[in-house]
Amino acid sequence: MLEAVTKKASPSKSATPPMKQLFPRHIILSNRSASFLKLGEHEKALKDAGQAVVLDPTYVKAAFRKGLALHAMGRYQDAVPVLGAAHNIEPKNKQIKQALQFAEVRLQQEMRKRMQ
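Here the working numbering = 1-based position in the sequence shown + 13.
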């Protein structure tokens with residue numbers, strides 16, 4: 014019995030693969046970014062979404078969440094091109110289109126305020 018306790022368990026052939034094999038890192042980061050957005054942790058959301066975009070620039074959810082984080086931080090000038098890139102990846106996505114339009118409106122409002 015003591016022998017069973019002291020021996021290290023060897024992984025069986027049916028062992029679950031590590032998490033990084035089940036879900037690519039860019040998806041994990043993008044999902045965590047969505048969680049941070051819901052919690053109001055916009056800087057953390059931006060960091061995770063930005064890393065996800067670097068890992069896979071075609072993953073639209075990462076680009077969208079990066080744009081949302083920038084928008085939430087009031088960085089409309091940065092948000093518009095990021096949301097535009099997400100819109101180019103998935104032009105039929107209504108959420109992305111609405112977010113892009115809203116960011117463009119906010120950017121125009123910000124520009125008008127600066128000119129006054």
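Cβ coordinates follow ideal geometry from the N, Cα and C atoms, glycine included.
Being a predicted model, the structure only gives us computed values, none of them experimental.
Coarse secondary structure for residue i, derived from DSSP in three states
i	result
methionine 86	coil
aspartate 69	coil
glutamate 56	helix
proline 94	helix
Run of the alpha helix (DSSP H) containing residue i, from where it starts to where it stops
i	result
lysine 51	38-52
lysine 107	107-128
Among the options, nearest to residue i - alpha-carbon criterion
i	options	result
glycine 97	Met86, Leu113, Lys105 and Tyr89	Leu113
glycine 63	Arg78, Phe36, Val93 and Ile102	Arg78
asparagine 101	Lys57, Val73, Gln122 and Lys60	Val73
isoleucine 40	Val66, Lys107 and Gln122	Val66
valine 95	Lys105, Leu83 and Gly87	Leu83
arginine 88	His55, Asp69 and Ala47	His55
Interface flag, residue i vs chain D, CB-CB below 8 Å
i	result
glutamine 108	Within the model displayed, chain D is absent; a lone protein chain is all it includes.
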